[in-house]
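Chemist: Residue numbers (the numbering used here), protein chains in the order written: chain X, 1 to 91; chain R, 1 to 245.
#1: By alpha-carbon positions, which one of R:125, R:18, R:115 ends up nearest to residue 239 of chain R?
#2: Just to check my reading of the structure: residue 151 of chain R and residue 213 of chain R have Cβ atoms closer than 8 Å, yes? What is that Cβ distance to the nearest angstrom?
#3: Pull up the distance between the alpha-carbon of residue 44 of chain X and that of residue 38 of chain X, whole angstroms please.
#4: Just tell me which of X:27, X:59, X:65, X:22 has its CA closest to the CA of residue 87 of chain X.
#5: Is there contact here, the stretch 77-85 of chain X with the stretch 24-42 of chain X, by at least three beta-carbon pairs under 8 Å?
#6: How is the alpha helix (DSSP H) around residue 15 of chain X delimited, first residue to last?
#7: Could you run through the stretch 80-103 of chain R and flag, in chain order, every residue whose CB is less than 7 Å away from some CB of chain X?
#8: List the DSSP bridge partners of residue 72 of chain R.
#9: What's the call for residue 83 of chain X, buried or exposed, on a 16-neighbour Cβ count within 10 Å?
#10: Give the range of the alpha helix (DSSP H) segment to which residue 129 of chain R is assigned.
#11: Relative to the C-alpha of residue 69 of chain X, which residue among X:7, X:25, X:51 is closest?
#12: Since residue 105 of chain R meets chain X, which of its residues come closer than 7 Å, beta carbon to beta carbon?
#13: Is DSSP giving residue 5 of chain R helix, strand or coil here?
#14: What residues in the stretch 17-33 of chain X have a beta carbon less than 9 Å from any beta carbon of chain R?
#15: Would you say residue 2 of chain X lies against chain R (beta-carbon separation less than 8 Å)?
#16: Nearest CA to the CA of residue 30 of chain R: which residue from R:90, R:95, R:169?
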C-alpha cells in the first residue's frame, strides 16, 4: 500500500480532538457522506501533515480536516456526526 | 469519559528505569491527574530553552489503580523526542502532559472477557496497562496475550509477564522474529493465521481484541484476525504510525 505507515488511528489524535471539541471524540459515531459507512472516530484514519485530516476507514473520503493556526483551529466536518456530550447531574 | 477542558499539566519524573537496551519507563507525578482507563495515552510536550516545542503521544503503561503515571518510551533512531526521554531524562526532571485521552482503545475489568491482546514491540505498553489493571482485581478473565518482539532481550516487562501468566485465565505467548535464544520453545516467526489460531480464543468465543504496534504490524494482524472470522468491530487497533520519534 502506497500510504502504508503514513496514518494513525483516530484514537491517536484524541488529544487534538479533545482540545477542539472539549470532550472525548474517539467514541463518537461518524457516517460517511460518500459510502454511507458508520464507525467511531477512534477507528477512522488520521493523517498528519500541515494540518490533520480524518478519513473514512472504508472508502477514504473526508470526515474532518483540522487546520491549526497560531490563534485558532479551523475545523471542516463532512458526513453525519452524532456527538453526545455529558452534562453535569441536575441539582 | 468526564467532560473537562483538556489542559497541559506539569509532571515531574519520580523515577526512570531501563526496561530493555532501547526502552525506558518514566514514572511521573502529575498533580491534578484525573485518573485514566487502561489503554489510554497522553500527549507529552517538551519545551526547549529557546521556546521551541515538540509534542508526541505515549501510551500509559501503569494500571489506573496505581498512583503515578508510567510511560514506557522506546528510543527511535534519529527521533527528536524519544532519545531525550530514553537517554537523558532522570528523576526530578519536568515535562508537560495532557490527558488521559483516547476512549476508544480501552478496557475495564467489569467489561470482562474473553480478551485477545496482540502486541508488536512496544505496542505492548497500553496492553500492559490492561493486564496490570486485571491483576489489581480478583476476577478471573480469559486473557490471551501474544507479544511479537525481535529478540528475547527486546521483550518489555518480561519477568512481570511471566508472573502474570501464572494467574488463572491468563496465557502469554511470545514470538521472536529475528533471533531466538538457545532452547527457545515459543514461536519464532512473524504472526500468521496458525499462530493466532493456536493462541485463541476462537471467533465464536467473541473475544474483545486489542492490537497495538507499528502500522504494518497492526495491518497484518487485523487482516489475519478478520480472515479468521473475528468481526472487524470487535478488533480495536492502535497504530504508532510515523511518530517522528
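We put the beta carbon where it would ideally sit given N, CA and C, even for glycine.
All figures in this text were calculated on a predicted structure; none of them were measured in a lab.
Modeler: On the basis of the coordinates in this document:
#1: R:125
#2: Not quite, the Cβ-Cβ distance comes to about 16 Å (not below 8 Å), so this is no contact.
#3: 10 Å
#4: X:22
#5: yes
#6: 14-21
#7: 98, 99, 101, 102, 103
#8: R:25
#9: exposed
#10: 124-135
#11: X:51
#12: 11, 42
#13: coil
#14: 17, 18, 19, 22, 23, 24, 25, 26, 27
#15: Below a pLDDT of 50, predicted positions are generally treated as unreliable, and residue 2 of chain X, at 40, falls in that range; no measurement from the model is reported.
#16: R:95
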